[in-house]
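Peer 1: What follows is a structure written as structure tokens; I'll ask about it next.
Residue numbers (our numbering): 5 to 291.
And the structure:
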């Protein structure tokens with residue numbers, strides 16, 4: 005994939021990117037294609053390039069890319085397209101294409117302005133809304149939202165469509181039998197504090213579960229070992245889902261108390277600043 009390597013560029017409209025941002029996106033795009041998602045590389049790598057170089061144009065290509073990749077995947081050597089039949093029998097498409105499309109969007113999503121995020125979210129909802137909600141959240145089959153890595157994208161999807169929340173249990177096998185965080189870390193995390201993409205389907209869901217006291221005892225240690233930029237986005241997504249529907253100060257107080265019950269003390273001081281930012285989707289625009 006060709007990705008520009010200038011030290012300072014306007015990678016996305018209205019957002020000034022530095023070298024660190026560019027390198028992060030390069031790594032995130034590569035992570036998306038290091039695993040089974042490589043099956044969709046031909047189509048989705050082009051989408052990722054366009055989203056980086058011309059985000060508004062790329063957003064317009066999300067649904068088209070999704071359909072083109074699936075049509076190609078389900079067309080046999082005789083040119084017969086079996087997509088409708090296979091999806092009907094299997095309860096939906098193989099996860100490789102949907103996950104690759106969503107994660108291509110996810111690599112640039114943090115750098116989009118709110119208007120662009122809403123447009124990209126709307127295109128993804130156009131895909132998800134054609135499926136049964138149980139298929140989307142993994143209640144039936146592998147799921148769609150179960151494989152979304154980027155916290156800000158998945159949290160916005162869930163704020164707009166609560167039924168698409170996949171829960172935190174799908175990957176509990178990663179930590180369930182671990183006696184200490186060091187064992188989990190050695191198997192699942194790299195030296196930069198990110199999860200190995202071959203081990204984890206959704207970075208956000210695993211991070212959220214690790215941080216929650218009612219899921220694992222590893223919250224404090226994970227928060228210290230996690231990649232700081234990713235941890236900040238994960239916390240931002242958690243805070244967004246908690247407060248997006250708050251209707252008054254009473255809800256804010258209850259929400260804050262609940263997050264402090266669930267999350268390790270080391271991250272408590274981030275709850276209020278992230279709530280004050282309020283940079284999450286307005287669900288009423290998608291109802």
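Yeah, the Cβ is synthetic: ideal placement off N, Cα and C, and Gly gets one too.
Can you give me the Cβ contacts of residue 231 inside the same chain, cut-off strictly under 8 Å, excluding the 5 residues immediately before and after it?
Peer 2: Here residue 231 refers to the residue found at position 227 when the chain shown is read from its first residue. The residues are 196, 197 and 198.
Peer 1: Starting from residue 127, follow the alpha helix (DSSP H) in both directions and report where the run begins and ends.
Peer 2: Here residue 127 refers to the residue found at position 123 when the chain shown is read from its first residue. Its alpha helix (DSSP H) spans residues 118-132.
Peer 1: Which of helix, strand or coil does DSSP assign to residue 222?
Peer 2: Walking along the chain shown from the start, residue 222 turns up at place 218. Note: residue 222 maps to coil in three-state DSSP.
Peer 1: Quick check: the Cα distance between residue 283 and residue 158, rounded to an integer number of angstroms?
Peer 2: Taking the chain shown and counting its residues from 1, the one referred to as residue 283 is at position 279. Taking the chain shown and counting its residues from 1, the one referred to as residue 158 is at position 154. Spanning the two alpha carbons is a distance of roughly 14 Å.
Peer 1: Can you tell me whether residue 198 is helix, strand or coil according to DSSP?
Peer 2: What you label residue 198 is simply residue 194 of the chain shown in a count that begins at 1. If DSSP states are grouped into helix, strand and coil, residue 198 belongs with coil.
Peer 1: Please report how far the alpha carbon of residue 100 lies from the alpha carbon of residue 207, in whole angstroms.
Peer 2: Within the chain shown, numbered from 1, the residue matching residue 100 stands at position 96. Within the chain shown, numbered from 1, the residue matching residue 207 stands at position 203. Roughly 16 Å between the two C-alpha positions.
Peer 1: Is residue 63 near residue 55, with beta carbons less than 9 Å apart?
Peer 2: Working through the chain shown from its first residue, we reach residue 63 at position 59. Working through the chain shown from its first residue, we reach residue 55 at position 51. Yes, the pair counts as a contact, with Cβ atoms nearer than the cut-off.
Peer 1: To the nearest angstrom, report how far apart residue 291 and residue 137 are at their CA atoms.
Peer 2: On the chain shown, residue 291 is found 287 positions in, with the first residue counted as 1. On the chain shown, residue 137 is found 133 positions in, with the first residue counted as 1. Residue 291 and residue 137: Cα-Cα distance of roughly 15 Å.
Peer 1: Measuring CB to CB, does residue 223 end up less than 9 Å from residue 163?
Peer 2: Translated into the one-based positions of the chain shown, residue 223 becomes position 219. Translated into the one-based positions of the chain shown, residue 163 becomes position 159. Their beta carbons are not under 9 Å apart, which means residue 223 does not touch residue 163 by this criterion.
Peer 1: Would you check if there are 3 or more beta carbon pairs closer than 8 Å linking the region 123-143 to the region 163-173?
Peer 2: Touching, per the Cβ criterion.
Peer 1: For residue 218, tell me which candidate among 109, 263 and 258 has the shortest Cα-Cα distance.
Peer 2: Indexing the chain shown from 1 puts residue 218 at position 214. The shortest C-alpha separation from residue 218 is found at 263.
Peer 1: Spatial neighbours of residue 150 within its chain, please: CB distance less than 7 Å, with the 5 preceding and 5 following residues excluded, ordered by chain position.
Peer 2: The residue given as residue 150 occupies position 146 in the chain shown. Excluding positions up to five away in sequence, the list reads 142, 170, 174, 205 and 206.
Peer 1: How should residue 246 be labelled, buried or exposed, when 16 other C-beta atoms within 10 angstroms of its C-beta is the threshold for buried?
Peer 2: Along the chain shown, one-based indexing puts residue 246 at 242. Its Cβ being crowded by 16 or more others within 10 Å, residue 246 is buried.
Peer 1: Cβ of residue 114 within 9 Å of Cβ of residue 237?
Peer 2: Residue numbering aside, residue 114 sits at position 110 when the chain shown is read from its first letter. Residue numbering aside, residue 237 sits at position 233 when the chain shown is read from its first letter. It is a contact, given that the beta carbons lie within the stated cut-off.
Peer 1: Let me check understanding here. Comparing Cα to Cα, which of 201, 202, 200 and 227 lies closest to residue 213?
Peer 2: Here residue 213 refers to the residue found at position 209 of the chain shown. Residue 227 is the option with its Cα nearest to residue 213.
Peer 1: Taking just the CA atoms, how far does residue 176 sit from residue 133?
Peer 2: By 1-based counting over the chain shown, the position of residue 133 is 129. By 1-based counting over the chain shown, the position of residue 176 is 172. Using only the alpha carbons, I get a separation of about 27 Å.
Peer 1: Could you please give the first and the last residue of the uninterrupted alpha helix (DSSP H) stretch that includes residue 266?
Peer 2: By one-based count along the chain shown, residue 266 stands at place 262. Segment 253-266, the alpha helix (DSSP H) holding residue 266.
Peer 1: What's the gap between the Cα of residue 272 and the Cα of residue 266?
Peer 2: As a position in the chain shown, residue 272 is number 268, starting the count at 1. As a position in the chain shown, residue 266 is number 262, starting the count at 1. One C-alpha to the other measures close to 10 Å.
Peer 1: Comparing C-alpha positions only, which one of 124, 203, 261 and 239 sits nearest to residue 155?
Peer 2: For the purposes of this step, residue 155 is identified with residue 151 of the chain shown, where counting begins at 1. That would be 239, whose Cα lies nearest to the Cα of residue 155.
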